[in-house]
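Just below is one structure, and these are the notes that go with it.
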Amino acid sequence: MGIKDKIQEKFNLTNGQLEIIFSMFDSKKIEQSFFEFSGDKDLFIGNLFYNKPPHRKSTHVRRFRHGLSKTKFYQTWRNMLGRCNRVADTHYRSYGGKGIKVEWPNFLEFKKDMYESYLLHLKKYGKKNTTIDRIDSSGNYKKENCRWATWNIQWKNIGERHKNIGGRHSKAKLTTLQVQTIRYGYVQGLKPWQLAKMFCVGQSTIGDIVMERTWKHLL
Numbered sequence: 287m288g289i290k291d292k293i294q295e296k297f298n299l300t301n302g303q304l305e306i307i308f309s310m311f312d313s314k315k316i317e318q319s320f321f322e323f324s325g326d327k328d329l330f331i332g333n334l335f336y337n338k339p340p341h342r343k344s345t346h347v348r349r350f351r352h353g354l355s356k357t358k359f360y361q362t363w364r365n366m367l368g369r370c371n372r373v374a375d376t377h378y379r380s381y382g383g384k385g386i387k388v389e390w391p392n393f394l395e396f397k398k399d400m401y402e403s404y405l406l407h408l409k410k411y412g413k414k415n416t417t418i419d420r421i422d423s424s425g426n427y428k429k430e431n432c433r434w435a436t437w438n439i440q441w442k443n444i445g446e447r448h449k450n451i452g453g454r455h456s457k458a459k460l461t462t463l464q465v466q467t468i469r470y471g472y473v474q475g476l477k478p479w480q481l482a483k484m485f486c487v488g489q490s491t492i493g494d495i496v497m498e499r500t501w502k503h504l505l
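Quick note: the sequence shown uses this note's numbering, first residue 287, plus one each step.
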């Protein structure tokens, strides 16, 4: 089976998409990218496009030098910085507002420490079930305190932290634990409609929770 067939079978690309890729990039580069990122189509394509040698000098070359700007791994980094450093971030008060910091000085250092384990977890559990988790929930984001975990592990950890406040208000549809889980899931990238379906409530209810218009006593 040739490299084209392998890529088409693995990523379910159309013939038109394959033709575009092979017309833009050298076949050896394509094969190398597939070898390195066969477990994730986004990483495979991102590596091709953002590591493509520029035809002329550009001010954007340094911005994309890591080739991961469009991936979940990079978005995880951006989300960490947002909730720890940006006061305007919806979740700042639960992270940066409580003194939690990102100790990696830049993305490349984060990649150096966490990317290999990310790929291993991604290959085993898939992109949607690969989330970053702090072992000590009161500690900072750093190599010694971070790991990749599935949603089951995340929910179990949340349950342990809130097992003593897992009750239900007399008129509430959700428990305290479920509300904490919804907020955490939103931070990790789940969409409101996904959370609504998961917890059998309306999207407006999810919106009120994640925007902290309701359940303010848990902030």
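Using N, Cα and C, we set each Cβ at its ideal position, and we do this for glycine too.
All of these numbers come straight from a predicted model, not from anything done at the bench.
By the 10 Å Cβ neighbour count, where 16 or more other Cβ atoms means buried, how is residue i classified, buried or exposed?
i, result
"A374", "exposed"
"G382", "buried"
"M310", "exposed"
"C486", "exposed"
"E357", "The question names Glu, but residue 357 in the sequence shown is Thr. The residue in question, T357, is buried, as its Cβ has 16 or more Cβ neighbours within 10 Å."
"H407", "buried"
"T300", "exposed"
"L394", "exposed"
"I468", "buried"
"I421", "exposed"
"F250", "Lying before the first or after the last residue shown, residue 250 is absent from the chain, which here runs from 287 to 505."
"I418", "buried"
"I492", "buried"
"I306", "exposed"
"G302", "exposed"
Kindly identify the DSSP beta-bridge partner or partners of residue i.
i, result
"R372", "Per DSSP, none; premise fails for R372."
"C432", "R420"
"V388", "Y427"
Since I believe residue j is in contact with residue i (beta carbons under 8 Å), could you give me their beta-carbon distance rounded to a whole number of angstroms?
i, j, result
"V473", "I495", "Not a contact, Cβ separation roughly 12 Å."
"I289", "S313", "7 Å"
"T416", "W390", "Their Cβ separation, rounded to whole angstroms, is 18 Å, which puts T416 and W390 out of contact at 8 Å."
"V388", "Y427", "4 Å"
"Y470", "Q440", "7 Å"
"T376", "Y411", "Incorrect: roughly 27 Å between the Cβ atoms, too far for contact."
Spatial neighbours of residue i within its chain, please: CB distance less than 6 Å, with the 5 preceding and 5 following residues excluded, ordered by chain position.
i, result
"K506", "Beyond the ends of the chain as shown, which are 287 and 505, falls residue 506; an answer cannot be given."
"K327", "F297"
"W363", "F393 and F396"
"S456", "In this predicted model, S456 has a pLDDT of only 45, less than 50, meaning its place in the structure is not dependable; the value taken from the coordinates is given anyway. Cβ neighbours of S456 beyond the five flanking positions: none."
"L329", "F323 and T357"
"L270", "Summary: the structure shown does not reach residue 270, with the chain confined to residues 287 through 505, and so no result is reported for it."
"K413", "K358"
Please work out which residues of its chain come closer than 8 Å, Cβ to Cβ, to residue i, disregarding the five sequence neighbours upstream and downstream, and give them in chain order.
i, result
"L304", "K290, I293 and Q294"
"N365", "V473, Q474 and G475"
"C370", "Y378, Y381, G382, I386, K387, V388 and Y427"
"E317", "I289"
"L367", "V388"
"R372", "Y378 and G382"
With a CB to CB cut of under 7 Å and the five nearest residues on each side skipped, what residues in its chain are close to residue i?
i, result
"W501", "V465 and I495"
"K459", "V487"
"W479", "Q489"
"S403", "W434"
"M497", "T376"
Between residue i and the ligand SAH, is the CB less than 7 Å from at least one heavy atom?
i, result
"R372", "In the structure on display, the ligand SAH does not appear, and there are no ligands present to speak of."
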